[in-house]
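First up is the structure itself, then whatever we jot down about it.
Numbering (the working numbering), first residue to last: 30 to 463.
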């Protein structure tokens, strides 16, 4: 169990250490070196302001936006959510300056686009320098699968059968693309337009691929962007989060009302248009980057490290075999399928609290009061609600005309090991802009 959580975390200040499937054309070390040294903003992977704040051991200031400040004041409790941080209060960094607390560009974006929310400022005083290990939700598949297998008795036989049929049907529908991705990870080269069109078609059957597709493009934009806006953020140690927000909202109709990456599936021609609309110079290279990077990440996140990416095939394989060979993929599919069951709203805490408890235990043993989204250290950071060796204070805050935050009134509330109520997006895979 601990090995799975270790596998799902990344420390970008040390060399890559994950075990990988055999036959990959490029290793995690190869990619890390390329991203750090061959992209304009790659130096921020290791030296972001957030990472430096974590390892300093000094108090951290974090921004959280809420619509429920009155409920927090009344209950004197702070609950955490699931999602990319498993079981943490979702925040973004703040930098203390003479003018006030300066929001990270992610936090500034959230306040601009959610004017009905109230900013809260958290001061987290750690007991020691914090290990900069971020959790990568793309690597949680094996944990999702193990959790389901542990609690599958909570489902009826008919519900388990329904789940197995849905997962197997998705695998069969997408098998040709899944095999193509593995062959590309092992060194075969499929033309980028054909590869991405196959990917787009496969996302309806395997929604996890939409998340992988989006995260690859987010990485591409943040690391390769050379606009004045991006350079301004880089000067203060921040990757530009606004880029992938623009991508999501341009690619999918009404993404602002329903942020669901299962609907992110642009075909190649549309992909190039989208990237050129954000930063024209990056359009020509986007397709080939997706082909190489997504193939590599798919093999790493889908397969058990004991497997050989060059020989495994999804076509014709039974579900039991794939649970052993590709637990990461099967777990991600189960996780996204089970939440649409009628009874899951009542079972949500059984499945998700189990994962949160394991994450909290891992973070406590690793000295992590503030876990962050470790796909990249881009500014999505949370607060571990049960870390025993740090103090946390919270204030309501006001923003001045220059964008700085100023704490106004302390909020008397304690973190509790409770998860916010479950919500699942409506089941749909359409809405992609033409």
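Quick reminder that beta carbons are idealized off the backbone N, C-alpha and C, glycines included.
| Item | Value |
| --- | --- |
| Take residue 279 and list the residues in its own chain whose beta-carbon comes closer than 8 Å to its own, dropping the five residues that flank it on each side. | 303, 306, 307, 462 |
| Taking its Cβ as the centre, do 16 or more other Cβ atoms sit within 10 Å of residue 109, making it buried, or is it exposed? | buried |
| Start and end of the beta strand (DSSP E) containing residue 38? | 38-40 |
| What is the DSSP secondary structure of residue 105, reduced to helix, strand or coil? | coil |
| Among 203, 309, 53, 179, which one has its Cα closest to the Cα of residue 380? | 179 |
| With distance defined between alpha-carbon atoms, name the residue in 200, 92, 77, 51 nearest to residue 359. | 200 |
| So, with DSSP's three-state summary, where would you put residue 172? | helix |
| Which residue's Cα is closest to the Cα of residue 192: 408, 395, 369? | 369 |
| Within the same chain, show all residues whose beta-carbon is closer than 8 Å to that of residue 459, passing over the 5 residues directly before and after it, in chain order. | Below a pLDDT of 50, predicted positions are generally treated as unreliable, and residue 459, at 38, falls in that range; no measurement from the model is reported. |
| Going by CA-CA distance only, name the one from 440, 289, 190, 60 that's closest to residue 214. | 60 |
| What are the complete beta strand (DSSP E) segments, minimum 3 residues, inside the region 325-396? | none |
| Taking Cβ positions, are residue 40 and residue 161 nearer each other than 9 Å? | yes |
| Give, in chain order, every unbroken run of the alpha helix (DSSP H) that is at least 4 residues long and sits entirely within the region 101-172. | 134-142 |
| Which of helix, strand or coil does DSSP assign to residue 194? | helix |
| Suppose contacts are defined by Cβ-Cβ distances below 9 Å. Is residue 140 in contact with residue 176 by that definition? | no |
| How is residue 219 classed by DSSP in three states: helix, strand or coil? | coil |
| Report the three-state DSSP secondary structure of residue 411 (helix, strand or coil). | strand |
| How would you write the range of the beta strand (DSSP E) that residue 90 sits in, first residue to last? | 89-95 |
| For residue 309, which of helix, strand or coil comes out of DSSP? | helix |
| Please list, in chain order, all residues of the same chain as residue 355 whose beta carbon is under 8 Å from its beta carbon, the five residues on each side excluded. | 331, 332, 333, 336, 341, 343 |
| Which class does residue 294 belong to by DSSP, given the choice of helix, strand or coil? | coil |
| Using the Cα positions of residue 407 and residue 50, report the straight-line distance between them to the nearest angstrom. | 27 Å |
| Are the Cβ atoms of residue 115 and residue 164 separated by less than 9 Å? | yes |
| Report all residues from its chain with a CB closer than 8 Å to the CB of residue 363; omit the five preceding and five following residues, and keep chain order. | 173, 174, 177, 192, 196 |
| Assess, as a yes-or-no matter, whether the region 63-80 is touched by the region 137-156 under the definition of 3 or more beta carbon pairs within less than 8 Å. | no |
| Ordered along the chain, which non-local residues of its own chain (more than five positions away) have a Cβ less than 7 Å from that of residue 54? | 214, 215, 216 |
| Sorted by chain position, which residues of the same chain lie with C-beta nearer than 7 Å to residue 146's C-beta, five sequence neighbours on each side aside? | 94, 95, 96 |
| Give me, in chain order, the residues of the same chain whose beta-carbon lies closer than 6 Å to that of residue 249; leave out the 5 immediate sequence neighbours on both sides. | 318 |
| Three-state secondary structure (DSSP) at residue 288? | coil |
| Write down the C-beta distance between residue 255 and residue 69 rounded to the nearest angstrom, noting that I regard them as a contact closer than 8 Å. | 5 Å |
| Which same chain residues end up closer than 7 Å to residue 301 when comparing Cβ atoms and leaving out the 5 residues on each side of it in sequence? | 312, 315, 316 |
| Give the C-beta separation of residue 357 and residue 168 to the nearest angstrom, bearing in mind that I take them to be a contact with Cβ-Cβ under 8 Å. | 7 Å |
| Would residue 320 pass as a contact of residue 221 if the rule is Cβ separation under 9 Å? | yes |
| Reducing DSSP to helix, strand and coil, say where residue 48 ends up. | coil |
| Under the DSSP definition of a beta bridge, which residues are partnered with residue 422? | 152 |
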